[in-house]
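Trainee: Chains as they are written, first to last, in the working numbering: chain A, 977 to 1437; chain B, 39 to 468. One structure coming up, written as structure tokens, with questions to follow.
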């Protein structure tokens, strides 16, 4: 890594060229991965990469260059390459350039580093044993643990210098079960901003048995009749619906390009008064948190919807400059080789005051959704379709049968208005996921407590 | 970069291994257009290089990667790979000793800004005021050396162009089309734009309608997208471990006997050749399915060693940072003995899929996925939007009833080369 004074040299070089904004993003990332499959340890891996991305924005156009394993000279050379792309008609900037070290909003906490691959072996073998021991219908167990430690330093044209170490740990587990005729898969996933303490917080037994329970229940699952049902979204993974069907439509680049259903809706009622939607990058330990965004600004918490009223979009600094959106520190990128865009962090429904038991007992026939799969959303209309990975039928206030081949079809705005219950903070859970946009995958959190939607179309039989 | 001294070092320690080095440089320009005003959005240039090192100790394989090319860093990576190898399961892996060069050269060059200007002109002439277009020129080369003496160098250059118009009616609709070419000077930009517009208009202002007994045809990108989820079912690892629909079905007729699926190492519609995989194995042209019968799974080096099979040349590395995955290069769908699509009274042409990544269980075949498209009923073209397609994909692939007479090639993990295929047995609900 370079440190503040050396990066300042690069900043001074970039500052010679006309610009609205520039930034330098340096990353030194190391990864470790260990997997188990068919009872055997697989694909042990560890490695590291070091590189930098430099961006210069002029007349609303982004000029971006990437340097692998850079020296200071390489960075200065790339700065000049980008500056020279502006052409001869560009008048050089003559302002002075000074840096200032930024303090992140998210305070660092201690975390446990994974130093040797074999430290995860016991955990993976335990998953395999718990899963196979739990039910003879389990035929295959796959699990993987990864640790990524990304050390970043950033400098931008405002003089902000920021450095941060970002450790992330992730566990994923897939269980295949069969009844001789059908084979079904169950999943469990967990991730956090932190280290191997994740393995203590989420035991191997729980990781395995959650996935086993899902795969076994799917063997007995029925396909519900298509139609409108009241739906309860369980805490955690169900929150992906708000990320996909509402969150993306609030990203400033989609608003500026006139391809979002949320355009011109600031200040309008877009949801039930029980709905407060937050996107936060500063929740300690959560998968989508960081002390800084990826443009050199301290991270923030942004209230998107307050009591049903749309309060804010999510903007990076570029969209702040081009589209005049309030800057909310939502500029994120997958790695040094990528341009940042407005992206979500941890997006969740703020807890309310309703009780899960009351929601359940109010439903004559409905569906409890424990886990949603991927979905797709038309940003321009808000229409969505989501596949439901784990769902149960509710009949007369009781959970009865597991369901399969279920999809949820609706509209983000309609769904926000149809939310009729939000349970309390004890139920809030944020789940780890990966969000794709512009061919970049970044870690994000999605969550909510129990949320009841009065009606939503469920595709089934 | 010459890695031979590091490979010798691995061999000197009585270990086996390989070093894969890749160097990719790319220039990309993107334009956007809002309210009829095209503008440059971003200009990117990247040069990314690095190495992946595998060390095999007593049959146990470990992996490491890095992009620092000084001696100390590479030796550290070898040490990491060696440490990782302590944990792997012993396999009887025999590294190939293939030697070869593979060069795919451009047939012409073009200024990517000019390509984008031409695209803008055509869209604006058709009164399309909202669109995005990206043009890239990418050069990539990779080098593989191993302790068995393999030395393979591959280099490739190509241009790719992607366009996405937003078309208006009562509402709006967007869709995309793209081209990958070695000959950008002769790229048919008009065709590129028209195809994108056809796809965008196809489902504009469509409604979700129930269509009983109507055959379904997936447009080429959607067919390729579907197969990016299904192809893994032919992976030897999944077949042998009971994680595939094809487990225990070798030599059985499982799909339509009009359908054959073959892995290829080149095809006239695919730019470049794939003679060697990224593990140094010659890519074998083999049938996975021949006239409906499942005849062979595919195996990378490690999975072939695990199950006592011959590797088929599917070891792919999508970056130097990743270990080889078993993914075919070209998957060719061949249809014999069926009428053309024109013989059908009507069919639903699907031009957009939603929720495929979790709405499809490739093991059981059950699927329930969202789709948009157009009902082609003689002269009538009826836009369709927000329908759910459901059924069992393996049953459906037993009911292939017609196919187009020309093939298209789409990159989707693997290159999928196929005619458009009409399928019966899919439930379409609004």
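Note that the Cβ used here is the ideal one computed from N, Cα and C, for glycine as well.
What's the C-alpha gap between residue 1270 of chain A and residue 1309 of chain A?
Mentor: Roughly 6 angstroms between the two C-alpha positions.
Trainee: In chain order, what residues of the same chain lie with their CB nearer than 6 angstroms to the CB of residue 1298 of chain A, ignoring the 5 residues before and after it?
Mentor: Result list for residue 1298 of chain A: 1036, in chain order.
Trainee: Please state the DSSP three-state secondary structure of residue 437 of chain B.
Mentor: Residue state, collapsed to three classes: coil.
Trainee: Can you list the alpha helix (DSSP H) stretches of 4 or more residues lying completely in the segment 225-268 of chain B, in chain order?
Mentor: Complete alpha helix (DSSP H) runs here, min 4: 227-240 and 258-268.
Trainee: Measure the CB-CB distance between residue 326 of chain B and residue 267 of chain B and report whether it falls below 8 angstroms.
Mentor: Their beta carbons are not under 8 angstroms apart, which means residue 326 of chain B does not touch residue 267 of chain B by this criterion.
Trainee: Residue 263 of chain B versus chain A: which residues are under 7 angstroms apart at the beta carbon?
Mentor: Those within 7 angstroms of residue 263 of chain B in chain A number zero; the least Cβ separation is about 12 angstroms.
Trainee: In this structure, what does DSSP give as the bridge partners for residue 191 of chain B?
Mentor: B:139 and B:181.
Trainee: Got a sec? Which residues, its chain only, sit under 6 angstroms from residue 134 of chain B by beta carbon, not counting five neighbours each side?
Mentor: Once the five neighbours on either side are set aside, the close Cβ partners of residue 134 of chain B are 188, 318 and 319.
Trainee: Give me the Cβ distance between residue 221 of chain B and residue 145 of chain B, rounded to the nearest whole Å; I'm assuming they're in contact under 8 angstroms.
Mentor: Right, the Cβ-Cβ distance comes to about 4 angstroms (below 8 angstroms), so this counts as a contact.
Trainee: Could you give the first and the last residue of the continuous alpha helix (DSSP H) run that contains residue 1060 of chain A?
Mentor: Note, residue 1060 of chain A: alpha helix (DSSP H), 1048-1060.
Trainee: Can you find a C-beta in chain B that's less than 8 angstroms from the C-beta of residue 1269 of chain A?
Mentor: False, the Cβ-Cβ gap to chain B never drops below 8 angstroms.
Trainee: What do you get for residue 346 of chain B, buried or exposed, if any count of 16 or more other CB atoms within 10 angstroms of its CB means buried?
Mentor: Under this definition residue 346 of chain B is an exposed residue.
Trainee: What residue does the beta strand (DSSP E) around residue 1089 of chain A start on, and which one ends it?
Mentor: Per DSSP, residue 1089 of chain A belongs to no beta strand (DSSP E) and is neither H nor E.
Trainee: Would residue 1202 of chain A and residue 1394 of chain A be called neighbours here (beta carbons separated by less than 8 angstroms)?
Mentor: Against a cut-off of 8 angstroms, the Cβ pair of residue 1394 of chain A and residue 1202 of chain A comes out as no contact.
Trainee: Write down every uninterrupted run of the beta strand (DSSP E) in the segment 1081-1168 of chain A whose length is 3 residues or greater and which is fully enclosed by it, in chain order.
Mentor: Entirely contained in the segment 1081-1168 of chain A, the beta strand (DSSP E) runs reaching 3 residues are, in chain order, 1114-1132 and 1136-1154.
Trainee: Taking the alpha carbon of residue 1293 of chain A as the reference point, which residue from A:1286, A:1306, A:1282 and A:1283 has its own alpha carbon closest?
Mentor: Answer by Cα proximity: A:1306.
Trainee: If distances are taken between C-alpha atoms only, which option among B:53, B:88 and B:274 comes closest to residue 348 of chain B?
Mentor: Here the closest residue by C-alpha is B:274.
Trainee: Looking only at its chain, what residues have a beta carbon closer than 7 angstroms to the beta carbon of residue 218 of chain B, apart from the 5 residues adjacent to it on each side?
Mentor: So the qualifying residues of the chain are 196, 198, 309 and 449.
Trainee: Counting beta carbon pairs with one atom in the segment 1364-1378 of chain A and one in the segment 1119-1139 of chain A, are three or more of them shorter than 8 angstroms?
Mentor: No: fewer than three Cβ pairs fall under 8 angstroms.
Trainee: Does any residue of chain A have a CB that is nearer than 8 angstroms to the CB of residue 80 of chain B?
Mentor: With 8 angstroms as the cut-off, residue 80 of chain B counts as an interface residue toward chain A.
Trainee: Taking Cβ-Cβ distances shorter than 8 angstroms, what residues in chain A pair up with residue 86 of chain B?
Mentor: Simply 1027, 1042, 1044 and 1313.
Trainee: With which residues is residue 1296 of chain A paired in a DSSP beta bridge?
Mentor: Answer is none; residue 1296 of chain A lacks a bridge partner.
Trainee: Measuring only the C-alpha atoms, how far is residue 1392 of chain A from residue 1326 of chain A?
Mentor: Looking at the two C-alpha atoms, the distance is approximately 13 angstroms.
Trainee: Out of curiosity, what's the CA-to-CA distance linking residue 1165 of chain A and residue 163 of chain B?
Mentor: Answer to the nearest angstrom: the Cα atoms are 50 angstroms apart.
Trainee: Taking only the alpha-carbon atoms, compute the straight-line gap between residue 1085 of chain A and residue 994 of chain A and give it to the nearest angstrom.
Mentor: Approximately 40 angstroms, taken between the alpha carbons.
Trainee: Determine, using beta-carbon pairs with one atom in the segment 1200-1217 of chain A and one in the segment 1269-1287 of chain A, whether at least three such pairs fall under 8 angstroms.
Mentor: Because the criterion of three Cβ pairs below 8 angstroms is not met, the segment 1200-1217 of chain A and the segment 1269-1287 of chain A do not touch.
Trainee: Return the chain-ordered list of same chain residues with a C-beta closer than 6 angstroms to the C-beta of residue 1148 of chain A, the five sequence neighbours on each side being excluded.
Mentor: Only 1120 and 1165 meet the Cβ criterion.
Trainee: List the whole-angstrom C-beta distance separating residue 143 of chain B from residue 192 of chain B, where the pair is believed to meet the contact cut-off of C-beta under 8 angstroms.
Mentor: The Cβ separation is near 12 angstroms, so there is no contact.
Trainee: Considering only the alpha carbon of each residue, which of A:1034, A:1137 and A:1366 lies closest to residue 984 of chain A?
Mentor: Of the candidates A:1034, A:1137 and A:1366, the one whose C-alpha sits nearest the C-alpha of residue 984 of chain A is A:1137.
Trainee: Examine chain A for any beta-carbon lying closer than 8 angstroms to the beta-carbon of residue 75 of chain B, and answer yes or no.
Mentor: Chain A contact via Cβ: absent.
Trainee: Could you give the residue range of the alpha helix (DSSP H) that holds residue 1390 of chain A?
Mentor: Where residue 1390 of chain A is concerned, the enclosing alpha helix (DSSP H) stretches over 1388-1393.
Trainee: Once the 5 residues before and after residue 1171 of chain A are set aside, which same chain residues still bring their CB inside 7 angstroms of it?
Mentor: Within the same chain, residue 1171 of chain A has close Cβ partners 1087, 1088, 1089, 1090, 1123, 1143 and 1145.
Trainee: Please classify residue 356 of chain B: is it buried, with 16 or more other beta-carbons within 10 angstroms of its beta-carbon, or exposed?
Mentor: It counts as exposed.
Trainee: Quick one: does residue 1127 of chain A have its CB under 8 angstroms from some CB of chain B?
Mentor: No - not a single Cβ of chain B is within 8 angstroms of the one on residue 1127 of chain A.
Trainee: For residue 1368 of chain A, which residues does DSSP report across the bridge?
Mentor: DSSP output for residue 1368 of chain A lists A:1344 and A:1378 as bridge partner(s).
Trainee: Check the Cβ-Cβ distances between residue 426 of chain B and every residue of chain A, and say whether any is below 8 angstroms.
Mentor: Output row for residue 426 of chain B: interface = yes.
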